[in-house]
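In what follows, a structure is listed as structure tokens, so that the remarks can point back to it.
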Amino acid sequence: METVTAISPTYDVKKIREFFPVLNREVNNQLLVYFDNAATSQKPQVVIDALSYYYSNYNANIHRGIHTLAEEATAAYEATRNTVKGFINATSSEEIIFTRGTTEGINLVAYTWGRKNIKAGDEIIISTMEHHSNIVPWQILCEEKNAILKVIPINDVGELLMDEYKKLLSSKTKLVSIVHVSNALGTINPVKEIIEAAHAAGALVLVDGAQSTVHLDIDVQKMDCDFFAFSGHKVYGPTGVGVLYGKRDILEQMPVFMGGGEMIKEVTFAKTTYANLPYKYEAGTPNIAGTIALKVALDFVKETGKKLTRNHENDLLRYATEQMESIPGLRIIGNAKNKVSLISFVIKNIHPQDMGVLLDNQGIAVRTGHHCTQPLMNRFGIPGTVRASFAMYNTKEEVERLILGINKSIKMLS
Amino acid sequence: MNEYKNIKESEKEITDEFSFFDSWEEKYEYIIDLGKRLEPLDERFKVGENIIKGCQSTVWLTSEFRDGKVFYKADSDAIIVKGLISMLIKVLSGHEPDEILEAKLDFIKEIGMMTHLAQTRSNGLLAMVKQIKNYALAYKSVNAA
Chain A
8 METVTAISPT
18 YDVKKIREFF
28 PVLNREVNNQ
38 LLVYFDNAAT
48 SQKPQVVIDA
58 LSYYYSNYNA
68 NIHRGIHTLA
78 EEATAAYEAT
88 RNTVKGFINA
98 TSSEEIIFTR
108 GTTEGINLVA
118 YTWGRKNIKA
128 GDEIIISTME
138 HHSNIVPWQI
148 LCEEKNAILK
158 VIPINDVGEL
168 LMDEYKKLLS
178 SKTKLVSIVH
188 VSNALGTINP
198 VKEIIEAAHA
208 AGALVLVDGA
218 QSTVHLDIDV
228 QKMDCDFFAF
238 SGHKVYGPTG
248 VGVLYGKRDI
258 LEQMPVFMGG
268 GEMIKEVTFA
278 KTTYANLPYK
288 YEAGTPNIAG
298 TIALKVALDF
308 VKETGKKLTR
318 NHENDLLRYA
328 TEQMESIPGL
338 RIIGNAKNKV
348 SLISFVIKNI
358 HPQDMGVLLD
368 NQGIAVRTGH
378 HCTQPLMNRF
388 GIPGTVRASF
398 AMYNTKEEVE
408 RLILGINKSI
418 KMLS
Chain B
510 MNEYKNIKES
520 EKEITDEFSF
530 FDSWEEKYEY
540 IIDLGKRLEP
550 LDERFKVGEN
560 IIKGCQSTVW
570 LTSEFRDGKV
580 FYKADSDAII
590 VKGLISMLIK
600 VLSGHEPDEI
610 LEAKLDFIKE
620 IGMMTHLAQT
630 RSNGLLAMVK
640 QIKNYALAYK
650 SVNAA
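Listed in order, the protein sequences are those of chains A and B.
Numbering-wise (the working numbering), the first sequence opens with residue 8 and increments by one.
Numbering-wise (the working numbering), the second sequence opens with residue 510 and increments by one.
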């Protein structure tokens, strides 16, 4: 058994690791090193237990039943909404809409708010570092409405060119949809400044919080964003549940998204009236178990302490960056001043996929490829990167194994 | 006379080779070496219509039909994929369409490289096997016509 020591003296990473059963697993005869946290984080036992407990004890469809199980399930489901409200500091739990994930949240806004409000000649601004899920929905909308998609450029270290952004803003701008933290670069974008400038131009702002919610303190009121979307599975929660926050007055005026059960007030064949917020946007039976377990995940993150976790992860980032910079031929993609604990890199004459395969054989899970950010990869003139992204349970020893693994792989490949 | 070994014999040659390797390092070093030694594909073949695009690596594949046999040439930007390609070409190139279509390619599993076939989205290897067989099928129907 390797010894695990915390970098930050007040942060007991060994204890935290004990919550995550998968970390005991061996891959290719070695203890797993999981550095693919930006794709999805591992789940603590309490989250796994919540899923299993729900199905074992009170599985029922929510909101409609009057029996005990339905009431318990409904209460637990709605308790998550309340927890999410606190987690991102929304004004009211009615502003919290459950989705399948960030992608669905963005699409919901594009298909409802977008369809209603975007007209020919209007402009939507995104950035070079968007994930495909914050590009494609707007492209579809712009194509349909003859609207124009504008893109904020970035500099060589992977930061938005804010002056260029401000030049793009005009009375034609209806929406700015921007990633809070880049999944491929780690860059933390100055969303508050972006939102202020957009609002001054009369545009709304959607913040893609897929990567930021796990690392940063999220306060949608302070940020003053109009929409904020994130996924449960990147915050130590289950897959298949996410959140779209929207300002109440905007959500109220938006048309419905999917039609079906749950989202209606009254249905006749002549006309259907819709339910109030947030149910108006929650057609069909949702991911009840996943949503209930999301509460447990968010409570877990809160109890662990985001600030402590962030300090620990930043220590790992600093250490890994230092070590990687000493590897000949290795180039880190994304050197923003403000970034989360994630390192994307390329190595001269080595394809990222080859590096990924050889690291996997050493029990180290990283992500390789374009990270669903092809325009960003084109900006850097590369087909993809190798990405190591850190979470609360990663250790300095694991970073050391990564560095050894990279060096060994380079040797094998050259 | 066929100057090439039959497909089963070529597969066996590869599995025999791999049976000497004790560690994953030896296996991959061998594959990497095969990749490096694969005859480079002329740039003029590296065009869109020959691309088999995986999510991560790109594979180029061309074929030629000569004397009733299909000959393949291929390349990739990733060296491990290239090594695996080299083995596929060694096994399949120079055979009649029917033989190629019938090939089960069990050797891939036997040498422990099945994961590379399973990762359909991340590399083009499975797509490449499909394309190799598509060419064989096309030549077969041309031949029959």
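The beta-carbon is built from N, C-alpha and C at its ideal position, and this holds for glycine as well.
Segment contact, 8 Å Cβ cut-off, at least three pairs: the segment 128-137 of chain A with the segment 103-113 of chain A: no
DSSP three-state assignment for A/VAL406, whether helix, strand or coil: One-based indexing of the first sequence puts residue 406 of chain A at position 399. In this structure, DSSP gives A/VAL406 a helical state, which the three-state scheme calls helix.
Backbone secondary structure at B/ASN511 - three-state DSSP: Within the second sequence, the letter at position 2 stands for residue 511 of chain B. Below a pLDDT of 50, predicted positions are generally treated as unreliable, and B/ASN511, at 47, falls in that range; no measurement from the model is reported.
8 Å Cβ cutoff met for A/SER177 and A/ALA204: Translated into positions along the first sequence, residue 177 of chain A becomes position 170. Translated into positions along the first sequence, residue 204 of chain A becomes position 197. Result no, Cβ atoms of A/SER177 and A/ALA204 do not sit closer than 8 Å.
Residues near B/ASP542 in its chain [Cβ-Cβ closer than 8 Å; skip 5 each side]: Indexing the second sequence from 1 puts residue 542 of chain B at position 33. So the list reads GLY592, once near-sequence residues are dropped.
Nearest-angstrom beta carbon gap, A/VAL188 and A/VAL347 [assumed within contact, 8 Å]: Counted from its first residue, the first sequence places residue 347 of chain A at position 340. Counted from its first residue, the first sequence places residue 188 of chain A at position 181. Right, their Cβ atoms sit about 5 Å apart.
Close Cβ partners of A/LYS272 (< 7 Å) along its chain, the five nearest in sequence each way excluded: Here the question's residue 272 of chain A lines up with position 265 in the first sequence. The residues are THR280, TYR281 and ALA282.
Burial state of B/SER572, where buried means 16 or more other Cβ atoms lie within 10 Å: The sequence position of residue 572 of chain B within the second sequence is 63, counting from 1. With 16 or more Cβ atoms within 10 Å of its Cβ, B/SER572 is classed as buried.
A/GLN360, DSSP secondary structure in three states: What you label residue 360 of chain A is simply residue 353 of the first sequence in a count that begins at 1. Shown here, A/GLN360 sits in a helix according to DSSP, grouped into three states.
Backbone secondary structure at A/TYR41 - three-state DSSP: Taking the first sequence and counting its residues from 1, the one referred to as residue 41 of chain A is at position 34. A/TYR41 falls in the strand class under three-state DSSP.
Which residues DSSP lists as bridging A/ALA372, in chain order: The residue given as residue 372 of chain A occupies position 365 in the first sequence. A/TYR41.
Contact under 8 Å by Cβ, A/ILE23 with A/THR311: Taking the first sequence and counting its residues from 1, the one referred to as residue 23 of chain A is at position 16. Taking the first sequence and counting its residues from 1, the one referred to as residue 311 of chain A is at position 304. It is a contact, given that the beta carbons lie within the stated cut-off.
Validate contact between the segment 366-377 of chain A and the segment 328-338 of chain A using beta carbons, cut 8 Å, 3 pairs: no
Contact with chain B by A/GLY376, beta-carbon distance below 8 Å: The count along the first sequence starts at 1 and reaches residue 376 of chain A at position 369. Cβ-Cβ to chain B under 8 Å: yes for A/GLY376.
CA-to-CA distance, A/MET419 to A/TYR252, given in whole angstroms: As a first step, residue 252 of chain A must be located in the first sequence, where it is residue number 245. As a first step, residue 419 of chain A must be located in the first sequence, where it is residue number 412. Each residue's alpha carbon lies about 48 Å from the other.
Own chain residues within Cβ distance below 8 Å of A/THR375, not counting five before or after: As a first step, residue 375 of chain A must be located in the first sequence, where it is residue number 368. If we look at A/THR375 and ignore the five residues flanking it on each side, its Cβ neighbours are PRO359, GLN360, MET362, GLY363, GLY391, THR392, VAL393 and ARG394.
Nearest-angstrom Cα separation, counted from A/PRO293 out to B/GLU526: Reading the second sequence from its first residue, position 17 is the one you call residue 526 of chain B. Reading the first sequence from its first residue, position 286 is the one you call residue 293 of chain A. When rounded, the distance between both Cα atoms is 53 Å.
Three or more C-beta pairs below 8 Å linking the segment 223-241 of chain A and the segment 249-268 of chain A: yes
Span separating the alpha-carbon of A/LEU168 from that of A/MET399: The sequence position of residue 168 of chain A within the first sequence is 161, counting from 1. The sequence position of residue 399 of chain A within the first sequence is 392, counting from 1. Each residue's Cα considered, the two are about 31 Å apart.
A/ASN35: contacting residues in chain B (beta-carbon distance under 8 Å): Counting from one through the first sequence, the residue named residue 35 of chain A turns up at place 28. Neighbours of A/ASN35 on chain B, chain order: TRP533.
Proximal residues to A/PRO51 (C-beta, below 7 Å), its chain only, five neighbours per side dropped: Position 44 of the first sequence holds residue 51 of chain A. Excluding positions up to five away in sequence, the list reads PHE26, PHE27, TYR243 and PHE307.
Contact list for A/MET136 against chain B, beta-carbon separation under 9 Å: One-based indexing of the first sequence puts residue 136 of chain A at position 129. Within chain B, no residue comes near A/MET136; the closest Cβ sits about 19 Å away, beyond 9 Å.
From A/ILE225, A/SER63 and A/LYS173, residue whose alpha carbon lies closest to that of A/LEU76: Numbered from 1 along the first sequence, position 69 holds the residue referred to as residue 76 of chain A. Here the closest residue by C-alpha is A/SER63.
Rounded separation between A/LYS92 and A/VAL20 - CA only: Position 85 of the first sequence, counting from 1, holds the residue named residue 92 of chain A. Position 13 of the first sequence, counting from 1, holds the residue named residue 20 of chain A. Cα-Cα distance, rounded: 28 Å.
Length of the line joining the Cα atoms of A/SER416 and A/ILE410: Looking up residue 416 of chain A in the first sequence gives position 409. Looking up residue 410 of chain A in the first sequence gives position 403. Roughly 10 Å separates the two Cα atoms.
Other residues of its chain near A/ARG88: CB distance less than 6 Å, five sequence neighbours each side excluded: Numbered from 1 along the first sequence, position 81 holds the residue referred to as residue 88 of chain A. Cβ within range, chain order: SER100 and ILE103.
Euclidean distance between Cα positions of A/GLY267 and A/ILE413: Position 260 of the first sequence, counted from the start, is the residue given in the question as residue 267 of chain A. Position 406 of the first sequence, counted from the start, is the residue given in the question as residue 413 of chain A. Near 51 Å, if we compare the C-alpha coordinates of A/ILE413 and A/GLY267.
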